[in-house]
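Here the structure comes first, spelled out in structure tokens, and everything after it is commentary.
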Amino acid sequence: MSKNPHRLKGDGPSAKRARRETASSSDQEYNSEEEEEANLTQSADFDVSVSEAEYGVIEHVSVKNFMCHKRLEFNFGPNVNFIVGRNGSGKSAILTAIVVGLGGKAASTNRGSSVKNLIKNTEHVADITIKLRNRGPDAFKPDQYGSTIIVERRIKSDGSSTYKIRSKAGKVISQLCSELQQIKDQFNIQIDNPMSILNQDTSRNFLHTQDPKDKYKFFLKATQLEQMTDDYNNIQQHKELMKDTLERKEEILPELEREVIQNEQRFKDLDSITKLDKKRESLMHMAAWSQVAAEEKVLDNMQKELSQEESRLPKFDEKIQTSQAKVESSEAHCHSLQDQLTELGEKIKELQPQHAMAKSEMDKQKKKEREITKKVSSQQNHVKSLVGDKNDMQQRIDELKNSARRDYEDERKIREAEIQRLQEHMKAQEAQMATTEQDLAQFASAVNRAKESTYALKTRDADIRHSIDASERRVRNLEASRKDRLKLYGDFMPTLLNEIKKAAEKNMFHRKPKGPIGTHLKLRDPQWAIGIEACLGGLMFKFCCHDYHDMGILNQLIARFVPDKRSRPGVIVSAFQEEQYNIEAGAVQCKEHPSLLDMLDIEDPMIYNCLVDQRAVENILLIRSSQDARDLLRLHTPANCREAFTLSGDQVYAGREQRYYSNRNTKARVLQGDVEDDIRDLKQELNELREQQRESQGQLQELNRTIRENEQLKNRAQTQRRKIQDSISSLSYDKQQLEAIEDVPPVDVSTLEEEVETLAREIVAHQESLDVLGAHYKEIHTDYEKMSKEYRTLDEQMKKFADQVEPIKDDVMTATTEIESAKSHLRHYNSKKAEHLDKIKGMGRRHNEKAKEVQEMVVLAQQVHAERIVTNRKPQNIDSEIDQITKRIEKEQQSKGDPEQIIRLYDQTKESYKKIKKELTMFKNFIKKLDTLLEVRKSTFLILRRHIALRAKCFFIMTLSRRGYNGKIKFQHQTGELQITVQPTQGDGVGSQDMKALSGGERSFSTVCFIMALWESMETPFRALDEFDVFMDMVNRRISMDLMLTVAKENRMRQFIFLTPLDMSKIRTNSLVRISRMPDPIREDQSVLPFEPISRRDENDDGD
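Using our numbering, the letters of the sequence shown map in sequence onto residues 5 to 1108.
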């Protein structure tokens, strides 16, 4: 046992081992002494100056996706913690999390047979985090963990789990379960002890059990006496096994002694074959040095080959320098073109402000010109109006002069009637005008809506036509692929591959190119065709070449047989290798989803290596749904995973700020399964597209007809509006003319003539003003023409510069291509040089290894014979002579025996005999000491059991007396029974009852007293009790609460956790007592619980 949990408080901190006392062998004597002994004098086993526990207590518990909780975080006080909540709110899950989080098994929580059953429904992973206090002199590795130890346990849906033990700063110190066990041993945390964490089921079973044997077993398990008994029994069993082994070895010892004597006699009889041994030894010396000479010759040849290869290095350097010069010249040319682009850009940038300013000034001048034109037109209209007024006035004068006096009263009445008629006619025309305006707005709106729909339909029709063309090309390719699947890669592909084959037969290639790459790939699961094509893309249409010589020949063939540059396949240059790359270290690690390589069969190592080099396929996962891919790569990215593709071809990059790209293709182009099915699907899709095209064209025709009709109606409405406007203007003018006529019969003609003269003068003045405006208009128009000319000049310059930019851009693209080509050649020669250097390095390494080997052979030969033996004999000849001598020695040994074997056998049997004899002596002494220790341990165990039982008795009586009850606990250690009797009222002992005769509340209170008595016998840093007061009445519950709080106050070095569904509002919180309430149970979409102690809510309420 790593730490004894049953030390008495009177023993002090250093007395963790049981005291060795002389005790009677009879349990009956102990029972009688328990009734008599009542000395309960105690002394604290901790520093009394400390106000609370320094190690082992729980500071914080948090769970995620655990049982009914999506997320729960909970802080514990160092002494008393009440957790209040209704049934179903998840109180018990807190205790379950403590047990499981600290390494307990699921079965001990009565919540399932496996920890995977504790994961919340629909989730795959549950997390538990527990913070343990780690202070004081008994802290566990405080220099590493600090004042808090954080234990994290992750439970997975497959039943596995992992641990992470962190320091207070969050640094992972260990991931081993053994480290957690050491922490529990250091703090004396007993997770499997039912009295350390008493859950509902254990509490209920204990409350209803009536069997004294069950109660006694519970007492033994709670105090860990049962574990001590099991340990002693296990030691006894091992001791018996050791005795059996000892007896067997004692039986074989005499036989072994006889064998030693026989071998000793054979050893003494040896006396021959020495000369043959000496001659064989001399030949072996010669053989050793002859092998050294042979290997030295091989080393000389390796040195010559190495020198030859090193002499070829300057040629590679020359090629690299030439390629480097080509790269630099191409880059210089590209930089020059870019400088020209920059210069043109600067010129355009310089012209832009002038261009913008010229346009602005031109627009301003145009605006002035329009304003002057407007003023001129207004002035002309005014002059025209004045001339009309003057003419009318003159006509009136003439009428007055030439007419006699009229009947002015009749004329006034006629005039008023005419004004009334004109007024009514104007109202009717205005009403008709409003209706026409409304109709005109409706027609214009209908035309605009129809035009917008027309634009959308035209766009859709263009898309449909594009889709039809693409589908028709696809159908033609698929129909052609019935006979030759290579046409899936283009109609030219069979011809091109045939020409490549012919060129290879003529030895035009160093190594025959391979491709297209897609033809070398086989799908293991056809459903991933779209996703894999989306991943590889154009790479499947490319060819692979061994070197740039092969690439040049292949490009010539491609240019000859593929005229369309856009359809030409690409070429990848990479030296062919016969073995696939070893990608185990860098490959993606994920058990739930396959990688891209898992779904492909690639027989050709070159194609395999090309996909690894060009696309890093070893780091790509295949995940069925987009949501699963985004969740996995954002939150829990597997090792070495860079990106993922879905069944539909969507691409998802790893990382919290992940990128996501959707795939538009719904069919695989070249990796499809059944060609006939694809042709049938495409033809059906073509029919649907053509039907959509017909519908679109019909809708377009209908919309055009609607637009024409509404345009006609709109034009009619506009014409009608103009007519109504003209009619209203005419009526208004007539009305104004009638209203302007004065009713006074006599008119002074001289006054009218003066007005005519006044109008004439005004006309002259306005005509002069009109002339001024005309001159001003000419000036502004001249300025406008000048500014317009300047603007056009600047605009033409900018267009000229812009036209110069495009050819230079094309030259830049060409130069960039030349740079890439030159760099490719440079990389090729660098690669070749690196390969040659690797070859030289390998030869040098093999030379050094051979030299080292030769040196080692020299050392070995010197060990065989110190002086070098010069000989021309071959090692094979010397070995043949050694074999002949060995055969002669074997013949001699057949008659007398092998001396080495006889000596070895004698030494072995002699050592074995001594060893067994020594082991027997050690075993006997060990078993004797073990018997003595077991007797002492058993005696100490009986004393310890008696003290624990007596302590529990006295504390049980003391706690019962707080309620006014009498009772006692009677232990029968011989029969293994524990009986509890309780008298609910104070008296002389008459009326004591068994637990089953008590009421529910009395039995619950008595059970609490018994639990407190057992707790007093334990040394665990924390104790938890679930729903201890469910069956109590209010009186017993209040007294139980006071009792527990009193016990907790007296044990400030211990932490108490009580769970109850009942109200705790009458309990006052303080620095030692913390009460927290669980929210009402919510089972769906439960998030982080808004948890805070009641004391804090009270403070908030007081503040409000």
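Ideal Cβ positions, reconstructed from N, Cα and C, are used throughout, including at glycine. Bear in mind that the values here come from a model prediction, so they are computed numbers and not experimental data.
Thinking residue i and residue j are a contact (beta carbons under 8 Å), I'd like their distance in whole angstroms, please.
i: leucine 1; j: lysine 253; result: With the chain running from 5 to 1108 in the structure shown, residue 1 is simply not present.
i: asparagine 83; j: arginine 1056; result: 6 Å
i: aspartate 443; j: alanine 721; result: 5 Å
i: proline 216; j: leucine 964; result: With 8 Å as the limit, proline 216 and leucine 964 do not qualify as a contact, their Cβ atoms being about 19 Å apart.
i: alanine 173; j: glycine 150; result: 7 Å
i: isoleucine 889; j: arginine 284; result: 5 Å
i: serine 666; j: aspartate 685; result: Actually they are not in contact, since the Cβ atoms of serine 666 and aspartate 685 sit about 21 Å apart, beyond 8 Å.
Distance check for residue j and residue i, CA to CA, integer angstroms please.
i: serine 389; j: serine 382; result: 10 Å
i: glutamate 1153; j: valine 61; result: Residue 1153 lies beyond the residue range present for the chain, which begins at 5 and ends at 1108; the question has no answer from this structure.
i: alanine 648; j: methionine 603; result: 13 Å
i: glutamate 230; j: lysine 221; result: 8 Å
i: aspartate 234; j: leucine 946; result: 14 Å
i: lysine 368; j: leucine 798; result: 17 Å
i: isoleucine 931; j: leucine 1018; result: 36 Å
i: lysine 353; j: glutamate 537; result: 45 Å
i: leucine 934; j: glycine 980; result: 27 Å
i: glutamate 38; j: glutamate 183; result: Here glutamate 38 scores only 42 on pLDDT, less than 50, and its place in the model is too uncertain to base an answer on.
i: serine 599; j: tyrosine 664; result: 18 Å
i: phenylalanine 927; j: proline 258; result: 18 Å
i: glycine 519; j: arginine 316; result: 34 Å
i: glutamate 373; j: lysine 379; result: 10 Å
i: glutamate 789; j: leucine 461; result: 44 Å
i: threonine 346; j: glutamate 824; result: 22 Å
i: isoleucine 239; j: isoleucine 1079; result: 47 Å
i: isoleucine 187; j: leucine 651; result: 48 Å
i: lysine 843; j: glutamate 309; result: 11 Å
By Cβ distance, which residues of its chain are closer than 6 Å to residue i, with the 5 residues on each side in sequence left out?
i: aspartate 180; result: Per the sequence presented here, residue 180 reads as leucine, with aspartate not at that position. Hits under 6 Å: none found.
i: leucine 106; result: Ile195
i: asparagine 970; result: Gln987
i: lysine 135; result: Glu63, His64, Thr152 and Ile154
i: leucine 426; result: Leu735, Asp738 and Lys739
i: methionine 366; result: Met791, Ser792 and Tyr795
i: glutamate 56; result: Pro82 and Arg1056
i: arginine 628; result: Leu651
Identify, in the order they occur along the chain, each residue of the same chain with its Cβ nearer than 8 Å to the Cβ of residue i, setting aside the five sequence neighbours on each side.
i: glutamate 41; result: Bear in mind that the predicted position of glutamate 41 carries a pLDDT of just 40, short of 50, making it unreliable; the figure below should be weighed with that in mind. Cβ within range, chain order: Leu954.
i: histidine 386; result: His770
i: glycine 542; result: Gly574
i: isoleucine 472; result: Leu690, Leu693, Arg694 and Gln697
Starting from the C-beta of residue i, find all residues in its chain whose C-beta is less than 7 Å away, skip the five residues before and the five after it, and write them out in chain order.
i: glutamine 342; result: Val816
i: asparagine 834; result: Ile324
Based on Cα-Cα distance, which residue from the options lies nearest to residue i?
i: alanine 1124; options: Tyr59, Gln190, Met290 and Ile239; result: As displayed, the chain neither begins before 5 nor continues past 1108, which places residue 1124 out of reach and without an answer.
i: methionine 544; options: Val656, Arg564, Phe565 and Leu675; result: Leu675
i: glutamate 596; options: Gly590, Ala633 and Glu300; result: Ala633
i: isoleucine 1; options: Leu202, Lys921 and Ser666; result: Here the chain covers residues 5 to 1108 and nothing more, so residue 1 does not appear.
i: phenylalanine 1014; options: Asp554, Lys308, Leu1047 and Ile882; result: Leu1047
i: arginine 453; options: Met232, Glu715, Leu500 and Asp215; result: Glu715
i: lysine 569; options: Lys351, Ile587 and Phe496; result: Phe496
i: aspartate 321; options: Met437, Asp911 and Leu830; result: Leu830
i: valine 104; options: Thr786, Asp131 and Leu561; result: Asp131
i: valine 451; options: Tyr781, Ser629 and Leu707; result: Leu707
i: aspartate 837; options: Arg262, Ser327 and Lys168; result: The sequence as given places lysine at residue 837; aspartate does not occur at that position. If we check each option's Cα against that of lysine 837, Ser327 comes out closest.
i: isoleucine 265; options: Thr818, Glu476, Lys914 and Arg1078; result: Lys914
i: histidine 524; options: Thr463, Leu558, Asn114 and Asn613; result: Asn613
i: histidine 951; options: His553, Thr227 and Ser1069; result: Thr227
i: glutamate 588; options: Glu622, Asp605 and Met1038; result: Glu622
Quiz item: Touching or not, the stretch 235–250 and the stretch 1007–1015, by the rule of three or more beta carbon pairs under 8 Å?
Solution: no
Quiz item: Just checking, does the stretch 427–440 make contact with the stretch 694–709 on the three C-beta pairs under 8 Å criterion?
Solution: no
Quiz item: Using 8 Å as the Cβ pair cut-off and three pairs as the minimum, do the stretch 760–779 and the stretch 345–364 touch?
Solution: no
Practice problem: Indicate whether the contact test is met: 3 or more Cβ pairs, each with one atom in the stretch 572–581 and one in the stretch 540–560, closer than 8 Å. | Solution: yes
Quiz item: Counting pairs of Cβ atoms below 8 Å between the stretch 121–129 and the stretch 69–77, do you hit three or more?
Solution: yes
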